[in-house]
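Residue numbers (our numbering): 1 to 302. By construction, the Cβ of each residue, glycine as well, lies at the ideal position given by its N, Cα and C atoms. Quick notes on the structure that follows.
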Amino acid sequence: MAYSLYKTVGFGSGKAGLATVGSQLFNADGTANGARVTAGIQDLGGGAYGALATFPDAFRGRITWDTGEGTPAKASEEINPEGASEYLDVKVSSRTTLGNGANSVTLTLQDDAVPAQRVPNRRVTVKNAAETATLAVGDTDASGQIIFNLDDSTYHILVETTPAHAALPAQTLVVSGTTSATYTLTKLSPGLPASPSLCRVYGYLKKPDGSVAASIPVEFVLRGSGAFKAAGNVVVVKAVTATTDASGYFQADLTRSSALTPMMSGDSTEYHVRSLDARLSHLFTVPDQDSADISALTLTAV
(Lines of atoms letter the chains of each structure in order from A; the text may use other names.)
(Lines give C-alpha, C1' and ligand atoms only; values in the text may rest on other atoms or scores of the structure.)
Protein backbone atom coordinates (compact mmCIF):
# COMPACT_ATOMS: atom_id res chain seq x y z
CA MET A 1 0.00 0.00 0.00
CA ALA A 2 1.46 3.34 -0.98
CA TYR A 3 1.00 6.20 1.45
CA SER A 4 1.12 9.50 -0.38
CA LEU A 5 1.03 11.68 2.74
CA TYR A 6 2.61 11.87 6.18
CA LYS A 7 5.92 10.20 5.39
CA THR A 8 7.19 10.47 8.96
CA VAL A 9 5.33 9.79 12.16
CA GLY A 10 6.65 10.33 15.66
CA PHE A 11 5.20 8.44 18.62
CA GLY A 12 7.45 10.21 21.10
CA SER A 13 4.97 12.88 22.12
CA GLY A 14 5.49 12.43 25.85
CA LYS A 15 1.97 11.16 26.49
CA ALA A 16 1.67 8.74 29.38
CA GLY A 17 1.71 5.09 28.39
CA LEU A 18 3.35 5.62 24.99
CA ALA A 19 6.81 4.40 24.12
CA THR A 20 9.03 6.30 21.72
CA VAL A 21 9.14 4.39 18.45
CA GLY A 22 11.08 6.80 16.28
CA SER A 23 9.97 8.93 13.39
CA GLN A 24 10.74 6.98 10.22
CA LEU A 25 7.75 4.67 9.78
CA PHE A 26 7.56 5.59 6.11
CA ASN A 27 10.10 5.34 3.32
CA ALA A 28 11.08 8.34 1.21
CA ASP A 29 8.75 7.23 -1.60
CA GLY A 30 5.77 7.20 0.75
CA THR A 31 5.49 3.42 1.28
CA ALA A 32 5.38 1.99 4.77
CA ASN A 33 8.65 0.65 6.18
CA GLY A 34 7.61 -2.84 7.21
CA ALA A 35 10.49 -3.51 9.61
CA ARG A 36 10.02 -0.26 11.51
CA VAL A 37 6.24 -0.60 11.62
CA THR A 38 6.52 -4.14 12.97
CA ALA A 39 9.12 -3.09 15.54
CA GLY A 40 6.99 -0.15 16.54
CA ILE A 41 3.94 -2.27 17.15
CA GLN A 42 6.04 -4.74 19.13
CA ASP A 43 7.42 -1.94 21.31
CA LEU A 44 4.04 -0.34 21.84
CA GLY A 45 2.24 -3.56 22.65
CA GLY A 46 4.90 -5.25 24.72
CA GLY A 47 5.25 -8.17 22.30
CA ALA A 48 4.94 -9.29 18.70
CA TYR A 49 1.84 -7.63 17.24
CA GLY A 50 0.80 -6.77 20.77
CA ALA A 51 -2.75 -5.94 21.72
CA LEU A 52 -1.86 -2.49 23.07
CA ALA A 53 -4.10 -3.28 26.01
CA THR A 54 -2.80 -0.43 28.14
CA PHE A 55 -3.64 2.28 25.63
CA PRO A 56 -6.43 4.82 26.14
CA ASP A 57 -9.78 4.04 24.52
CA ALA A 58 -9.19 6.80 21.97
CA PHE A 59 -6.27 4.77 20.64
CA ARG A 60 -8.35 1.68 19.89
CA GLY A 61 -9.53 0.70 16.42
CA ARG A 62 -8.06 -1.37 13.61
CA ILE A 63 -5.68 -0.71 10.75
CA THR A 64 -3.60 -3.11 8.66
CA TRP A 65 -0.08 -1.98 7.89
CA ASP A 66 1.65 -2.83 4.62
CA THR A 67 5.29 -3.86 4.45
CA GLY A 68 5.94 -1.60 1.48
CA GLU A 69 6.78 -4.57 -0.75
CA GLY A 70 3.16 -5.42 -1.51
CA THR A 71 2.76 -8.03 1.25
CA PRO A 72 0.50 -7.02 4.15
CA ALA A 73 2.22 -7.17 7.51
CA LYS A 74 0.48 -9.45 9.98
CA ALA A 75 0.17 -6.66 12.48
CA SER A 76 -3.42 -5.47 12.50
CA GLU A 77 -4.01 -4.45 16.08
CA GLU A 78 -5.56 -1.52 17.77
CA ILE A 79 -4.26 1.67 16.18
CA ASN A 80 -6.94 4.16 15.19
CA PRO A 81 -5.42 7.07 13.22
CA GLU A 82 -8.47 9.26 13.82
CA GLY A 83 -9.10 8.70 17.53
CA ALA A 84 -5.38 8.51 18.28
CA SER A 85 -4.37 11.67 16.47
CA GLU A 86 -3.87 13.64 19.67
CA TYR A 87 -1.29 11.05 20.80
CA LEU A 88 0.77 11.33 17.60
CA ASP A 89 3.08 14.07 16.41
CA VAL A 90 1.70 13.71 12.86
CA LYS A 91 -1.51 12.13 11.62
CA VAL A 92 -1.32 8.74 9.91
CA SER A 93 -2.92 8.55 6.47
CA SER A 94 -5.72 5.99 6.14
CA ARG A 95 -6.14 3.17 3.65
CA THR A 96 -7.80 3.90 0.32
CA THR A 97 -11.46 2.90 0.14
CA LEU A 98 -10.90 1.49 -3.36
CA GLY A 99 -8.78 -1.36 -2.05
CA ASN A 100 -5.09 -1.99 -1.63
CA GLY A 101 -4.51 -5.05 -3.77
CA ALA A 102 -2.05 -5.56 -6.62
CA ASN A 103 -4.52 -5.79 -9.51
CA SER A 104 -6.55 -3.14 -11.31
CA VAL A 105 -10.18 -4.31 -11.43
CA THR A 106 -12.63 -2.36 -13.59
CA LEU A 107 -16.34 -2.85 -12.92
CA THR A 108 -18.99 -1.43 -15.24
CA LEU A 109 -22.67 -0.96 -14.44
CA GLN A 110 -25.25 -0.72 -17.22
CA ASP A 111 -29.00 -1.11 -17.52
CA ASP A 112 -31.00 -3.45 -19.76
CA ALA A 113 -32.28 -0.73 -22.09
CA VAL A 114 -31.71 -0.98 -25.85
CA PRO A 115 -29.13 0.34 -26.34
CA ALA A 116 -27.77 -0.20 -22.84
CA GLN A 117 -27.17 2.90 -20.74
CA ARG A 118 -24.35 3.18 -18.21
CA VAL A 119 -25.37 3.65 -14.56
CA PRO A 120 -23.40 6.44 -12.82
CA ASN A 121 -23.24 7.42 -9.15
CA ARG A 122 -24.08 3.96 -7.84
CA ARG A 123 -22.42 2.61 -4.69
CA VAL A 124 -20.47 -0.63 -5.23
CA THR A 125 -19.13 -2.66 -2.29
CA VAL A 126 -16.50 -5.40 -2.47
CA LYS A 127 -16.66 -8.11 0.19
CA ASN A 128 -14.87 -11.37 0.74
CA ALA A 129 -16.61 -14.51 -0.52
CA ALA A 130 -18.12 -15.19 2.90
CA GLU A 131 -19.32 -11.56 3.12
CA THR A 132 -17.81 -11.20 6.56
CA ALA A 133 -15.54 -8.28 5.65
CA THR A 134 -15.81 -5.17 3.49
CA LEU A 135 -12.63 -4.78 1.45
CA ALA A 136 -13.39 -1.81 -0.80
CA VAL A 137 -16.22 0.57 -1.57
CA GLY A 138 -16.90 3.41 -4.00
CA ASP A 139 -19.32 4.98 -6.49
CA THR A 140 -19.38 4.52 -10.26
CA ASP A 141 -18.20 7.55 -12.22
CA ALA A 142 -20.02 9.43 -15.00
CA SER A 143 -19.31 6.55 -17.40
CA GLY A 144 -20.76 3.96 -15.01
CA GLN A 145 -17.36 2.54 -14.09
CA ILE A 146 -15.28 2.13 -10.96
CA ILE A 147 -11.72 0.82 -10.64
CA PHE A 148 -10.73 -1.14 -7.53
CA ASN A 149 -7.32 -2.44 -6.45
CA LEU A 150 -7.72 -6.10 -5.46
CA ASP A 151 -5.49 -9.12 -4.97
CA ASP A 152 -6.04 -12.45 -6.71
CA SER A 153 -9.00 -14.01 -4.94
CA THR A 154 -12.76 -14.57 -5.09
CA TYR A 155 -15.02 -11.70 -4.03
CA HIS A 156 -18.67 -10.83 -3.73
CA ILE A 157 -19.77 -7.60 -5.43
CA LEU A 158 -22.77 -5.81 -3.93
CA VAL A 159 -24.49 -3.04 -5.90
CA GLU A 160 -26.62 -0.46 -4.13
CA THR A 161 -30.37 -0.84 -4.66
CA THR A 162 -32.39 2.21 -5.70
CA PRO A 163 -35.94 2.72 -7.01
CA ALA A 164 -34.55 3.08 -10.55
CA HIS A 165 -33.47 -0.56 -10.88
CA ALA A 166 -34.36 -3.99 -9.53
CA ALA A 167 -32.11 -5.32 -6.79
CA LEU A 168 -29.07 -7.16 -8.12
CA PRO A 169 -28.07 -10.27 -6.15
CA ALA A 170 -24.50 -10.44 -4.89
CA GLN A 171 -22.20 -11.15 -7.83
CA THR A 172 -19.22 -13.48 -7.58
CA LEU A 173 -16.03 -11.98 -9.00
CA VAL A 174 -12.85 -14.02 -9.51
CA VAL A 175 -9.80 -11.77 -9.75
CA SER A 176 -6.67 -13.08 -11.45
CA GLY A 177 -4.42 -10.29 -12.61
CA THR A 178 -5.99 -7.30 -14.33
CA THR A 179 -9.72 -8.02 -14.37
CA SER A 180 -12.89 -6.42 -15.71
CA ALA A 181 -16.57 -7.27 -15.37
CA THR A 182 -19.88 -5.76 -16.46
CA TYR A 183 -23.09 -6.04 -14.46
CA THR A 184 -26.51 -5.37 -15.99
CA LEU A 185 -29.28 -3.86 -13.87
CA THR A 186 -32.96 -4.31 -14.73
CA LYS A 187 -34.48 -0.89 -15.18
CA LEU A 188 -37.73 -0.25 -13.32
CA SER A 189 -40.36 2.05 -14.74
CA PRO A 190 -41.11 5.02 -12.49
CA GLY A 191 -44.68 4.95 -13.79
CA LEU A 192 -46.45 7.15 -16.31
CA PRO A 193 -47.46 10.78 -15.84
CA ALA A 194 -51.13 11.71 -16.12
CA SER A 195 -50.78 13.43 -19.51
CA PRO A 196 -48.86 12.44 -22.66
CA SER A 197 -47.43 15.98 -22.78
CA LEU A 198 -45.64 15.36 -19.48
CA CYS A 199 -42.39 13.59 -18.65
CA ARG A 200 -41.71 12.04 -15.25
CA VAL A 201 -38.23 13.24 -14.31
CA TYR A 202 -36.76 11.23 -11.45
CA GLY A 203 -33.51 10.65 -9.61
CA TYR A 204 -32.01 10.28 -6.17
CA LEU A 205 -29.72 12.30 -3.95
CA LYS A 206 -26.84 10.99 -1.87
CA LYS A 207 -24.51 12.57 0.63
CA PRO A 208 -20.73 12.62 0.03
CA ASP A 209 -20.32 9.51 2.18
CA GLY A 210 -22.78 7.59 -0.01
CA SER A 211 -25.68 7.59 2.44
CA VAL A 212 -29.10 8.71 1.26
CA ALA A 213 -30.21 12.33 1.44
CA ALA A 214 -33.78 12.06 2.72
CA SER A 215 -36.41 14.82 3.02
CA ILE A 216 -34.51 17.20 0.73
CA PRO A 217 -36.63 19.59 -1.41
CA VAL A 218 -35.81 19.64 -5.13
CA GLU A 219 -37.39 22.43 -7.19
CA PHE A 220 -37.93 22.52 -10.96
CA VAL A 221 -38.49 26.01 -12.39
CA LEU A 222 -39.08 27.08 -15.99
CA ARG A 223 -36.22 29.37 -16.87
CA GLY A 224 -38.18 31.96 -18.88
CA SER A 225 -39.23 35.25 -17.33
CA GLY A 226 -42.73 35.25 -18.83
CA ALA A 227 -45.65 32.85 -19.29
CA PHE A 228 -45.69 29.90 -21.69
CA LYS A 229 -48.27 28.21 -23.89
CA ALA A 230 -48.73 24.45 -23.79
CA ALA A 231 -51.52 22.51 -25.56
CA GLY A 232 -53.55 25.69 -25.97
CA ASN A 233 -53.24 26.63 -22.31
CA VAL A 234 -51.25 29.40 -20.70
CA VAL A 235 -48.71 28.12 -18.20
CA VAL A 236 -48.27 30.60 -15.38
CA VAL A 237 -47.32 28.25 -12.53
CA LYS A 238 -43.72 27.67 -13.46
CA ALA A 239 -42.35 25.78 -10.44
CA VAL A 240 -42.80 22.20 -9.26
CA THR A 241 -41.25 20.96 -6.01
CA ALA A 242 -40.46 17.35 -5.15
CA THR A 243 -39.04 15.99 -1.89
CA THR A 244 -36.70 13.03 -1.57
CA ASP A 245 -38.08 10.01 0.29
CA ALA A 246 -36.31 7.73 2.77
CA SER A 247 -34.19 6.27 -0.05
CA GLY A 248 -33.23 9.67 -1.47
CA TYR A 249 -35.59 9.21 -4.43
CA PHE A 250 -37.56 12.07 -6.00
CA GLN A 251 -39.76 12.53 -9.06
CA ALA A 252 -41.64 15.35 -10.75
CA ASP A 253 -44.07 15.37 -13.70
CA LEU A 254 -42.98 18.20 -15.99
CA THR A 255 -44.28 19.53 -19.30
CA ARG A 256 -41.91 18.46 -22.06
CA SER A 257 -39.73 21.31 -23.28
CA SER A 258 -40.81 20.76 -26.90
CA ALA A 259 -44.46 21.23 -25.89
CA LEU A 260 -43.81 24.70 -24.48
CA THR A 261 -43.99 27.93 -26.46
CA PRO A 262 -42.56 31.04 -24.81
CA MET A 263 -44.86 34.08 -24.85
CA MET A 264 -41.93 36.45 -24.53
CA SER A 265 -39.21 36.70 -27.13
CA GLY A 266 -35.91 35.21 -26.05
CA ASP A 267 -37.36 33.03 -23.28
CA SER A 268 -35.98 29.51 -22.93
CA THR A 269 -37.92 26.27 -22.48
CA GLU A 270 -35.17 24.85 -20.28
CA TYR A 271 -35.84 23.95 -16.67
CA HIS A 272 -33.72 25.03 -13.73
CA VAL A 273 -33.41 22.21 -11.18
CA ARG A 274 -32.20 23.49 -7.85
CA SER A 275 -31.88 22.42 -4.26
CA LEU A 276 -30.29 24.67 -1.66
CA ASP A 277 -29.69 21.77 0.73
CA ALA A 278 -28.00 19.70 -1.99
CA ARG A 279 -26.08 22.64 -3.52
CA LEU A 280 -27.78 21.70 -6.80
CA SER A 281 -28.30 24.30 -9.53
CA HIS A 282 -28.42 23.14 -13.15
CA LEU A 283 -30.29 23.72 -16.41
CA PHE A 284 -31.68 20.90 -18.53
CA THR A 285 -34.20 20.15 -21.28
CA VAL A 286 -37.13 17.85 -20.48
CA PRO A 287 -37.08 15.22 -23.26
CA ASP A 288 -39.93 13.90 -25.42
CA GLN A 289 -40.45 10.68 -23.48
CA ASP A 290 -42.63 9.29 -20.71
CA SER A 291 -39.86 9.31 -18.11
CA ALA A 292 -36.24 10.33 -17.72
CA ASP A 293 -33.53 9.64 -15.16
CA ILE A 294 -32.13 13.08 -14.41
CA SER A 295 -28.62 11.67 -13.97
CA ALA A 296 -28.71 10.55 -17.62
CA LEU A 297 -29.72 13.99 -18.94
CA THR A 298 -27.34 16.73 -20.02
CA LEU A 299 -27.09 19.16 -17.12
CA THR A 300 -25.52 22.60 -17.42
CA ALA A 301 -24.30 24.26 -14.24
CA VAL A 302 -25.80 27.66 -13.47
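query, result
"Those residues which DSSP pairs with A239 across a bridge", "V221"
"Assumed close pair A231, A259 - CB separation to whole angstroms, cut-off 8 Å", "7 Å"
"Cα-Cα separation between K206 and D152, rounded to whole angstroms", "32 Å"
"Element boundaries [beta strand (DSSP E), containing G203]", "198-204"
"Euclidean distance between Cα positions of L185 and N128", "22 Å"
"D253 to A167 span [Cα, whole Å]", "25 Å"
"Rounded Cβ spacing between S265 and T243 (contact assumed at less than 8 Å)", "Not confirmed; about 35 Å, so no contact."
"Same chain, Cβ closer than 7 Å to A133, five either side skipped, listed in chain order", "K127"
"DSSP-derived helix/strand/coil call for D112", "coil"
"Same chain, Cβ closer than 6 Å to A136, five either side skipped, listed in chain order", "L98, G99, V126, F148"
"C-alpha distance - V221 paired with V201, whole-angstrom precision", "13 Å"
"For D89, three-class secondary structure by DSSP", "A caution first: D89 carries a pLDDT of 36, below 50, which makes its placement in the model unreliable, though a value can still be read off. Note: D89 maps to coil in three-state DSSP."
"Coil, strand or helix - L25 by DSSP", "Bear in mind that the predicted position of L25 carries a pLDDT of just 45, short of 50, making it unreliable; the figure below should be weighed with that in mind. The answer is coil: DSSP assigns L25 none of H, G, I, E or B."
"DSSP-derived helix/strand/coil call for A170", "coil"
"8 Å Cβ cutoff met for Q251 and P190", "yes"
"From P115, T140, K229, residue whose alpha carbon lies closest to that of T106", "T140"
"Own chain residues within Cβ distance below 8 Å of V114, not counting five before or after", "none"
"Bridge partner(s) assigned by DSSP for G138", "V124"
"Backbone CA spacing between S176 and T182 [nearest angstrom]", "16 Å"
"Proximity winner among T285, L109, T178, relative to I146 (alpha-carbon distances)", "L109"
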